[in-house]
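Mapping of the sequence shown onto our numbering: residues 1171 to 1621, in sequence order.
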Amino acid sequence: MDDLKEKYRKKLCAAIIPPEALKCIEILEKAGFEAYYTGGAVRDIVMGRQPCDYDIATNAKPAETEKVFEKEGARVHETGIKHGTVTAVIGKEPFEITTYRMDGEYSDCRRPDSVRFTSDIANDLSRRDFTCNAIAFSPYRGIVDLFSGMEDIENRLIRCVGDAQCRFKEDGLRILRALRFASCLGFEIEEETKKAIAGNYELLGSISRERIFQELKKLLCGVNAGKILADYAFVFFFLMPELKTLKSGFEGRGNIADIWQRTCKVIDGCECLPHIRFAAMFYAPCSEEEAALPEEKKEVQTVRDILNSLKTSNEFKKSVLDLIANRDIVKRRFGDKDILRFIGVYGPNTVNDLFSLLKSEEAAEKEVKPAGCLSNVESLQQRFEYFVQNGTCFSVKDLAIDGGDVTAAGIKPGPDVKKTLERILDDVLSGTVKNEKSLLMARLREGKYND
Ligand code: ATP
Ligand code: MG
1171 MDDLKEKYRK KLCAAIIPPE ALKCIEILEK AGFEAYYTGG AVRDIVMGRQ PCDYDIATNA
1231 KPAETEKVFE KEGARVHETG IKHGTVTAVI GKEPFEITTY RMDGEYSDCR RPDSVRFTSD
1291 IANDLSRRDF TCNAIAFSPY RGIVDLFSGM EDIENRLIRC VGDAQCRFKE DGLRILRALR
1351 FASCLGFEIE EETKKAIAGN YELLGSISRE RIFQELKKLL CGVNAGKILA DYAFVFFFLM
1411 PELKTLKSGF EGRGNIADIW QRTCKVIDGC ECLPHIRFAA MFYAPCSEEE AALPEEKKEV
1471 QTVRDILNSL KTSNEFKKSV LDLIANRDIV KRRFGDKDIL RFIGVYGPNT VNDLFSLLKS
1531 EEAAEKEVKP AGCLSNVESL QQRFEYFVQN GTCFSVKDLA IDGGDVTAAG IKPGPDVKKT
1591 LERILDDVLS GTVKNEKSLL MARLREGKYN D
C-alpha cells in the first residue's frame, strides 16, 4: 500500500503540471489555506493521461478564495458560488476552485438540497462518485487517498465511494457516469457497483436528458465503448427505448441481442467522433429489398425522435441524420455526376465520416454474411476520394458565374435565377460544358436556359 502511494507520489511530482495550475495552489497555500488537485486531473496523471482540466479543492470559503485571487491581480468569476465554486483566471487559463463541501439530503435523485462547507478534505472526498475520482494531491501536502482509489486504478476498477446503492439513489446520473468512466478508462466495474447498477438503472429516468446526452457522448467515444454497450444493453435500451424498434424493425434480421452485439462492433470500428458513433449506434442492418421499404424512411424518423428526446443541438442532429439517411449509398447506383452533387450537398467531411461508418459496418457484416453478398464500400470510397481531391465544382456556389451574371444575361430576377443556376450546374457536373465564365455566359446568351 505504502509502495503504491510512493509510486504514485513520484508520478505526480514528476508530472508536468502547467505553471498556471501550480500557481493556483501556491497562491492559496501562501495565504494560509490548504489546496489540492482533485478528481479527473489526479486520476489522469497517475494513469499517464493528459488531464483536460485541473480542478482545485480548498478549505478557503468562496469569499476568501475570491479575495486571495483578487489580491494577486487574477480575474475571478462566481461561477457556482452556491456550490462553493469560484473560477480564477491565471494568465489566460480558467481554474475552478471549490470549497471542501459535504452534500446535504438528495430529494430529487440528482442534486443535493443543500451543501455545507467543511474544513476537512476527508468530507469532500467522501461525497465524490468513484474511488478513482476521489484522490487529492498537492505538491505541498502529498496524496490523500481515503478510499483505496490508487489500488482501484491499479486493478482498473470503477467502484463507488461508500455504498453503491445509496450513492446511486442520491444521484442517478452516477450510474451512467460509472459506465462512461469504464468505457473511457477501459476499466471493469466492481461487483457491488455492478449489482447496484442492475438494481437501480431506472433512476436514470429522472435525470435531465441534456446531462444524459453529455455522458453518452463521452461514453460512446471511449476505448471500451462496444463492451460497455454490450454488457449493459439494458441501460441503453431503457434510456432510448426506440432503439428496440430500430433493431427489430425488419423480419429476418435475427434477434435484437445478436443485432445489438453487431452494433457494438460497428461502434468500436468507426472513427471516434460523437456523431459517427451515434450514427453507428442507430445502425440496423437490412437487405437491399428492405432498404426500399417505407420502413427505411421511418428509421430516419425514429433516429430523429431519439435525438430530439436527448435535446441535442440541431447541428448535431443534422450530422447524425446525414449519415443515417445515406447509409444505403453503396446500394444506390452512383454516376460521377451524382458523386459530385453529393459532395456539393454534404461536403467532404461528411463523405469521410460516412465511409468510416460504412467500412465499420461492412467489417461487422463480413462475420455474418458470405463474402459474395458484400457490397464494395472500398471501390465507391475511391471514386468519392478521387472527386474530393480533383473536383473543383460541386455546387452552385462553385460555379464561375453567379446570380448577377444570370440576370445580366437577360433572365428575369426571381426564382428563375436559382433554377437557371441549377441547370447550369447540372451541365457542368455532367461535363457538357467547362466551368469557365466565358463559356457559361455564351450559353446563357444563346438562350440555352430560356425555356
Ligand atoms: P473528465 O476528465 O471527463 O472531466 P472528471 O473526473 O474530471 O472527468 P467531472 O465530471 O469533470 O469528471 O467531475 C469532476 C469531479 O467531480 C469528479 O472526478 C468527481 O470527483 C466529482 N463529481 C462529478 N460529478 C459527480 C457526481 N455526480 N457525484 C459525485 N461526484 C461527482
Ligand atoms: Mg473534469
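Just so it is clear, CB atoms sit at the ideal spot from N, CA and C, and this is done for glycine as well.
Length of the line joining the Cα atoms of residue i and residue j
{"i": "N1478", "j": "Y1516", "result": "22 angstroms"}
{"i": "K1339", "j": "R1297", "result": "13 angstroms"}
{"i": "M1217", "j": "N1496", "result": "40 angstroms"}
{"i": "I1313", "j": "A1306", "result": "6 angstroms"}
{"i": "K1588", "j": "V1473", "result": "32 angstroms"}
{"i": "A1366", "j": "F1383", "result": "22 angstroms"}
{"i": "S1457", "j": "N1425", "result": "Low confidence applies to S1457: its pLDDT is 48, below 50, so where it sits in the model is not reliable enough to give any reading."}
{"i": "F1279", "j": "V1285", "result": "For the sequence presented, residue 1279 should be read as Cys rather than Phe. When rounded, the distance between both Cα atoms is 15 angstroms."}
{"i": "F1452", "j": "F1512", "result": "22 angstroms"}
{"i": "D1315", "j": "V1558", "result": "53 angstroms"}
{"i": "R1344", "j": "V1246", "result": "30 angstroms"}
{"i": "D1596", "j": "N1522", "result": "24 angstroms"}
{"i": "L1182", "j": "E1176", "result": "10 angstroms"}
{"i": "E1412", "j": "E1266", "result": "38 angstroms"}
{"i": "K1567", "j": "I1446", "result": "27 angstroms"}
{"i": "R1503", "j": "N1546", "result": "12 angstroms"}
{"i": "Y1556", "j": "N1620", "result": "34 angstroms"}
{"i": "A1233", "j": "N1394", "result": "42 angstroms"}
{"i": "A1258", "j": "N1370", "result": "38 angstroms"}
{"i": "Y1402", "j": "L1524", "result": "27 angstroms"}
{"i": "I1187", "j": "D1214", "result": "12 angstroms"}
{"i": "E1204", "j": "D1283", "result": "26 angstroms"}
{"i": "A1534", "j": "R1179", "result": "44 angstroms"}
{"i": "A1368", "j": "T1235", "result": "41 angstroms"}
{"i": "C1563", "j": "L1510", "result": "8 angstroms"}
{"i": "E1358", "j": "E1321", "result": "13 angstroms"}
Delimiting residues of the beta strand (DSSP E) encompassing residue i
{"i": "S1308", "result": "1305 to 1308"}
{"i": "T1602", "result": "Run containing T1602: none; DSSP gives neither H nor E here."}
{"i": "R1219", "result": "Where R1219 is concerned, there is no enclosing beta strand (DSSP E), given that its DSSP letter is neither H nor E."}
{"i": "G1250", "result": "1245 to 1250"}
{"i": "I1186", "result": "No beta strand (DSSP E) contains I1186, which DSSP labels as neither H nor E."}
{"i": "A1258", "result": "1255 to 1260"}
Per-residue burial, residue i [other beta carbons within 10 Å of its own, 16 or more giving buried]
{"i": "G1617", "result": "exposed"}
{"i": "C1302", "result": "buried"}
{"i": "K1262", "result": "exposed"}
{"i": "S1483", "result": "exposed"}
{"i": "P1585", "result": "exposed"}
{"i": "D1273", "result": "buried"}
{"i": "A1427", "result": "exposed"}
{"i": "A1230", "result": "buried"}
{"i": "Q1471", "result": "exposed"}
{"i": "R1337", "result": "buried"}
{"i": "P1189", "result": "exposed"}
{"i": "A1579", "result": "buried"}
{"i": "C1194", "result": "buried"}
{"i": "P1583", "result": "exposed"}
For residue i, the first and last residue of its enclosing alpha helix (DSSP H)
{"i": "K1516", "result": "Here residue 1516 is Tyr; the residue named in the question, Lys, does not match the sequence. Start and end: 1506 to 1536."}
{"i": "H1445", "result": "1444 to 1451"}
{"i": "F1300", "result": "Segment: none, F1300 is in no alpha helix (DSSP H) and carries neither H nor E."}
{"i": "Y1206", "result": "First-last for Y1206: 1205 to 1207, but that is the beta strand (DSSP E), not the alpha helix (DSSP H)."}
{"i": "E1275", "result": "Segment: none, E1275 is in no alpha helix (DSSP H) and carries neither H nor E."}
{"i": "G1580", "result": "Premise fails: G1580 is in no alpha helix (DSSP H) and is neither H nor E."}
{"i": "T1334", "result": "The amino acid occupying residue 1334 in the given sequence is Ala; Thr does not appear at that position. That run of the alpha helix (DSSP H) goes 1334 to 1340."}
{"i": "V1436", "result": "1426 to 1439"}
{"i": "V1547", "result": "1547 to 1560"}
{"i": "V1314", "result": "It is not in any alpha helix (DSSP H) - V1314 instead sits in the beta strand (DSSP E) that spans 1312 to 1315."}
{"i": "I1367", "result": "1361 to 1370"}
Contact check, residue i vs residue j, beta carbons under 8 angstroms
{"i": "K1388", "j": "R1350", "result": "yes"}
{"i": "L1527", "j": "A1400", "result": "no"}
{"i": "I1328", "j": "A1352", "result": "yes"}
{"i": "V1238", "j": "I1291", "result": "no"}
{"i": "L1374", "j": "F1406", "result": "no"}
{"i": "A1348", "j": "F1404", "result": "no"}
{"i": "C1354", "j": "G1392", "result": "yes"}
{"i": "V1436", "j": "S1530", "result": "yes"}
{"i": "L1569", "j": "N1605", "result": "yes"}
{"i": "L1610", "j": "I1571", "result": "yes"}
{"i": "Y1224", "j": "S1308", "result": "no"}
Any non-hydrogen atom of the ligand FMN within 7 angstroms of residue i CB
{"i": "R1432", "result": "Summarising the ligand content, the structure contains the ligand ATP and the ligand MG and does not contain the ligand FMN."}
Exercise. Around the ligand MG, what residues have a beta-carbon under 7 angstroms from a heavy atom of it, in chain order?
Worked result: Result (chain order): G1209, G1210, C1222, D1223, D1225.
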